[in-house]
Amino acid sequence: MSLNKPILDDRSYQQIRDELIARIPIYAPEWTDHNPSDPGIALIELFSYLTENLLYRFNQIPDATKMEFLRLLQIPLHSAYPSKAMLTLSTKEPQGVAAKLSSQASAGDIKFTTLQEVNVLPVSAVGVLKVQDQIPDEDTEQGIFYQQAAASVDASNTIPYHTETIWQDEPGVSRDLNSSVDGILWVAVLSEKANETELVKQRLLAHPKGPLLINIGFVPEITLETDLDHHSISFANRFRCPGEGTQVTGKPVSWQISTGRINSQNQPIYYPLQVLGDTTEGLDKEGVVRVQLPTEEHNMSVYQLDDPNMQGVGDFPPTLDDEMQARVIFWLRAFRNDDSSIGKVKYVAANATQAEQAVDAKAEFIGTGNGQPNQVYSLNHAQVLANSLLLQVEEPQGWVEWQEVEGFYSSHESDRHFMLDKQAGQIRFGTGINGAVVQIGQRIRVIQYRYGGGRSGNVAAEAINKLVGVPLAKVVNPLGAYGGTDAETLEAALERIPSELRRRNRAVTRSDFKELALQAPGADLARSEVLPRYHPALPQLESAGVVSVVVWPKEDKHNPNAPLPNKNQLRSVCQYLDARRLVTTEMYVLPPKYVPIAVAVGVKVKNGFGIDAVRHWVELALRQFLAPLPPYGPGGQGWPLGRRVHGAELEAAAHQVEGVEYLEGLQLIGWDNNGNEIANTVNLQKNEVPELIGISVENGPITLNPGDIISPKETDAVVIPVPVIKDVC
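Just so you know, we're using this note's numbering here: the sequence shown kicks off at 840 and counts up by one.
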């Protein structure tokens, strides 16, 4: 276990020497020669040296005891967690290039390893939606085109739509398939130039390594909506753990390709594609879908229509601008078999792969067994990633794989188990009673493992720009990497000792759920609270066997004053707690619900203090008092769930600011779910905390209502600009 003993010197040799010499005039004023050549100074220097060593040893006793206690309890430090990123590759090679599994990409000195192999094809892709629109006016150009298209299909029930692309027009802006007319995610596969579409298609069909696989990268919108109905059945079903987001296989999704053929009813024919890999769990989370392309030309083409009014009508692919339409090689479309919505989509691309901030270690022999219990061996690298290590022991029948376990409590004497301290990179074998021992002369080897991780891997978009071993392909991460966390510090591990002894890595009591939620790998949470017997859809009743866990992230760039966890963080907490809860526990992992409030304060500033500075301090004090995250809030743990917001409390918090002589007044207003105002005291439900959406601090009596914004003076006249004609030589 890598518990490095810290250096805890309170005073150095030089500090002790200077302190003793400074005391000479007090205890021996007649001693005036303080030069290094003086015998007394030599003695002072000798004792300073001895005292420094003595202090060093004494100051290490408490922490050394704690560290030895950690070693005795076999409580390892939590290792770093790697960041993840979606990579998009591109090439101009006519036949494409291959990027193998576990290829290494980098952002400067930070290394990433790819999680899927990629056939990098000379194509790109763009996601497209058919978004429902209003029927255009008949007198407009859009209206004339719409009427002609409606007449072409001879249908009475028509739905107008307009085309929206994903990422192409507005990078970073998600598109909602709930607003589409068909619920289908359309993917246009494009060539680089318009005059190369047929050539590229023929190369794909006749590729020597065909049938080819194309990797489609999918990134959904993970930010939660701010207008959730926290007490609905749909809300409860969505955040139940395990729920829809934790299914291993996900909802079935069909992928089809355009064939260019039309049936007798003048409808397009699509060819179903075989999905050979899907880490999105049914387009539910970020990942890569690998589909196999056909090798027959009649199953891969675009639709050539005699009637231009039929473009984009019905089941035909959506319309694009002329430049992009000319580059389309074929269309892919994806939809869920149960007709449920895919939801909001942020990014879609071809030639994609996921990557994590890690490096593949080479196979290594770590030692030879000696037949003793509790054998410990060290790897060449620390910060080992979970579920990446494969260990084998050479037994008489050959190399046998051993299994990693969290502890030897349930291991029998013949079980081939070992424990891995990921942070230290150390492997421990059993005692012979709990877990088998490696016998004398048996060699031990590690076939594979990955190491790395840390917050430094959360690099910005387009920071990853190098791909080792694939010189003919370019790589970029269109979105920033996320999820990397640093290894646990020694201080945090020491504070964790009592809770580890109490819960034994199982979630039973309220404190168990609260502490384990904060430890969920990759979640990076700042706070968690537990509501026992609380069902989101039945908040007024006590539901036996139900536990709801409310979590807050450390930061939320979209809602800094009212931070909400994203879907990835909720998923991580859910999976971590689900493996540790009791079988009979019905569990929900929820975002907090915020109740908007506004405050207006009037203060009398003491003489000698700046008015603007005091107003700023009062505003800061109230914001920190109402903040949901530690170290702020009434008790330093964030505003308690369900605690009412009372105006008198805010007055007390404002009056503690230095420079405030007294308060001229304080007004507090909140709003319920129906938008009705609540004055003076805002009562909160069990899952609610306040969100300060407006605050005004004035020197003197209150003149503004809570939440009001100072605006310039209005005039009854309408101002009109007059152009100024400039003289031009």
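Even glycine gets a Cβ: it sits at the ideal position worked out from N, Cα and C.
Sheet register partners of P1371 (DSSP bridge):
To locate residue 1371, count along the sequence shown from 1; it is residue 532. Paired residues: V1386.
Would you please state the rounded distance, in angstroms, between the beta carbons of M1139 and I1096? I believe it to be under 8 Å.
As a working mapping, residue 1139 is identified with position 300 in the sequence shown. As a working mapping, residue 1096 is identified with position 257 in the sequence shown. With 8 Å as the limit, M1139 and I1096 qualify as a contact, their Cβ atoms being about 6 Å apart.
CA-CA distance, A1194 and T953?
Your numbering for residue 1194 matches position 355 in the sequence shown. Your numbering for residue 953 matches position 114 in the sequence shown. Approximately 4 Å between the Cα atoms of the pair.
Figure out for me which residue from E1301, K1185 and Y1000 has the closest Cα to the Cα of P1157.
By one-based count along the sequence shown, residue 1157 stands at place 318. With distances taken between Cα atoms, P1157 lies closest to Y1000.
I'd like the list of long-range same chain contacts for A1299, defined as Cβ closer than 6 Å, with 5 residues on each side in sequence excluded.
Position 460 of the sequence shown, counted from the first residue, corresponds to residue 1299. Once the five neighbours on either side are set aside, the close Cβ partners of A1299 are G1319.
Identify, in the order they occur along the chain, each residue of the same chain with its Cβ nearer than 6 Å to the Cβ of E1060, setting aside the five sequence neighbours on each side.
Translated into the one-based positions of the sequence shown, residue 1060 becomes position 221. Excluding sequence neighbours, E1060 sits near S1013, K1183 and K1185.
From the DSSP output, in three-state form, read off R1343 for me.
Counting from 1 along the sequence shown, the entry for residue 1343 is found at position 504. Reduced to three states, the DSSP call for R1343 is coil.
Using 10 angstroms around the beta-carbon of R1343, count the other beta-carbons present and answer buried if the total reaches 16, otherwise exposed.
The residue given as residue 1343 occupies position 504 in the sequence shown. R1343 comes out exposed.
Can you tell me whether Q1214 is buried or exposed, with buried defined as 16 or more other CB within 10 angstroms of its CB?
For the purposes of this step, residue 1214 is identified with residue 375 of the sequence shown, where counting begins at 1. Looking at its Cβ environment, which holds 16 or more other Cβ atoms inside 10 Å, Q1214 is buried.
Give the DSSP bridge partners of I1283, in chain order.
What you label residue 1283 is simply residue 444 of the sequence shown in a count that begins at 1. BP columns for I1283 point to G1206 and V1232.
Tell me whether the beta-carbon of G1498 lies closer than 8 Å to the beta-carbon of V1453.
The count along the sequence shown starts at 1 and reaches residue 1498 at position 659. The count along the sequence shown starts at 1 and reaches residue 1453 at position 614. Yes, these two residues count as a Cβ contact at 8 Å.
Less than 8 Å separating the beta-carbons of V1315 and G1264?
Counting from 1 along the sequence shown, the entry for residue 1315 is found at position 476. Counting from 1 along the sequence shown, the entry for residue 1264 is found at position 425. It is not a contact, given that the beta carbons lie outside the stated cut-off.
State buried or exposed for I865, treating a residue as buried only when at least 16 other CB atoms are found within 10 Å of its CB.
Against the sequence shown, residue 865 aligns to sequence position 26. Exposed, because fewer than 16 other Cβ atoms sit within 10 Å of the Cβ of I865.
Enclosing alpha helix (DSSP H) for R1077 [first to last residue]
Within the sequence shown, residue 1077 is the residue found at index 238, counting from 1. Secondary structure note for R1077: its alpha helix (DSSP H) is the uninterrupted segment I1072 to R1077.
Does the separation of the CB atoms of Q971 and V1026 fall below 8 Å?
As a working mapping, residue 971 is identified with position 132 in the sequence shown. As a working mapping, residue 1026 is identified with position 187 in the sequence shown. Not in contact: Q971 and V1026 (Cβ atoms no closer than 8 Å).
When burial is assigned at 16 or more other CB atoms within 10 Å of the CB, is I1303 buried or exposed?
Here residue 1303 is taken as the residue at index 464 of the sequence shown, counted from 1. Buried, because 16 or more other Cβ atoms sit within 10 Å of the Cβ of I1303.
Residue span of the beta strand (DSSP E) that contains V959, given as start and end
Taking the sequence shown and counting its residues from 1, one reaches residue 959 at position 120. Element bounds for V959: V957 to V959.
Buried versus exposed, by CB contacts within 10 Å (16 or more), P878:
Translated into positions along the sequence shown, residue 878 becomes position 39. Looking at its Cβ environment, which holds fewer than 16 other Cβ atoms inside 10 Å, P878 is exposed.
Below 8 Å on the Cβ atoms is my guess for I1181 versus I1283; work out the distance and round it to an integer in Å.
Within the sequence shown, residue 1181 is the residue found at index 342, counting from 1. Within the sequence shown, residue 1283 is the residue found at index 444, counting from 1. Wrong, their Cβ atoms sit about 47 Å apart, outside the cutoff.
Output needed for H917: all residues of its chain with C-beta closer than 6 Å, excluding positions within five of it in sequence on either side, in chain order.
The residue labelled residue 917 in the question sits at position 78 within the sequence shown. Within the same chain, H917 has close Cβ partners E1327.
Sheet register partners of D1260 (DSSP bridge)
Counting from 1 along the sequence shown, the entry for residue 1260 is found at position 421. In the DSSP output, where bridge partners are listed per residue, D1260 has Q1265.
Beta-carbon gap between D1260 and P921 smaller than 8 Å
Indexing the sequence shown from 1 puts residue 1260 at position 421. Indexing the sequence shown from 1 puts residue 921 at position 82. No, the Cβ-Cβ distance between D1260 and P921 is not below 8 Å.
Give me the Cα-Cα distance between I1023 and I1168, rounded to the nearest whole angstrom.
Here the question's residue 1023 lines up with position 184 in the sequence shown. Here the question's residue 1168 lines up with position 329 in the sequence shown. Spanning the two alpha carbons is a distance of roughly 19 Å.
Expressed to the nearest angstrom, what Euclidean distance is found between the alpha-carbon atoms of W1094 and E1334?
Position 255 of the sequence shown, counted from the first residue, corresponds to residue 1094. Position 495 of the sequence shown, counted from the first residue, corresponds to residue 1334. Near 51 Å, if we compare the C-alpha coordinates of E1334 and W1094.
Note the first and the last residue of the continuous alpha helix (DSSP H) segment covering N1407.
Stepping through the sequence shown from its first residue, residue 1407 is reached at position 568. K1406 to D1417 is the span of the alpha helix (DSSP H), which, as asked, contains N1407.
Which same chain residues, not among the five before or five after A1202, have their C-beta less than 7 Å away from its C-beta?
Along the sequence shown, read from residue 1 onward, the residue named residue 1202 stands at position 363. Result list for A1202: R1284, V1285, I1286 and Q1287, in chain order.
With a threshold of 8 Å on Cβ separation, who are the neighbours of F1247 within its own chain once the five nearest residues in sequence on each side are excluded?
Looking up residue 1247 in the sequence shown gives position 408. Hits under 8 Å: H1256, M1258, G1269, T1270, N1273 and G1274.
Whose C-beta lies closer than 7 Å to the C-beta of N1420 among residues of the same chain, with five residues either side of it excluded?
Residue numbering aside, residue 1420 sits at position 581 when the sequence shown is read from its first letter. With the sequence shown as reference, residue 1420 is identified as Arg, and Asn is not the correct amino acid for it. Closer than 7 Å at the Cβ level, and outside the excluded window around R1420, lie A1346 and M1426.
Quick check on the burial criterion: 16 or more other C-beta atoms within 10 angstroms. Buried or exposed for F1464?
Your numbering for residue 1464 matches position 625 in the sequence shown. When all chains shown are included, F1464 counts as buried.
K939 - DSSP class collapsed to helix/strand/coil
Residue mapping note: residue 939 aligns to position 100 of the sequence shown, counting from 1. Three-state DSSP puts K939 in coil, outside helix and strand.
What residue range is occupied by the uninterrupted alpha helix (DSSP H) comprising T1065?
The sequence position of residue 1065 within the sequence shown is 226, counting from 1. Taken as a continuous stretch (DSSP letters only), T1065 belongs to no alpha helix (DSSP H), as it is neither H nor E.
Assigned secondary structure, W1006 (DSSP; H/G/I helix, E/B strand, else coil)
In the sequence shown, the residue the question calls residue 1006 occupies position 167. Three-state result, W1006: coil.
Specify the secondary structure class of I855 as computed by DSSP and reduced to three states.
In the sequence shown, counting from the first residue as 1, residue 855 sits at position 16. If DSSP states are grouped into helix, strand and coil, I855 belongs with the helices.
Chain-order list of residues whose beta-carbon lies under 8 Å from that of T1085 (same chain, five-residue window excluded):
Numbered from 1 along the sequence shown, position 246 holds the residue referred to as residue 1085. Confidence in T1085 is poor, its pLDDT being 43 and thus under 50, which makes the residue's placement unreliable; the coordinate value appears in the next sentence. The residues are R1410, C1413, Q1414 and D1417.
When burial is assigned at 16 or more other CB atoms within 10 Å of the CB, is T1520 buried or exposed?
Here residue 1520 corresponds to residue number 681 of the sequence shown, with the count starting at 1. It counts as exposed.
For T1119, does the count of other Cβ atoms within 10 angstroms reach 16, so buried, or fall short, so exposed?
Reading the sequence shown from its first residue, position 280 is the one you call residue 1119. Buried, because 16 or more other Cβ atoms sit within 10 Å of the Cβ of T1119.
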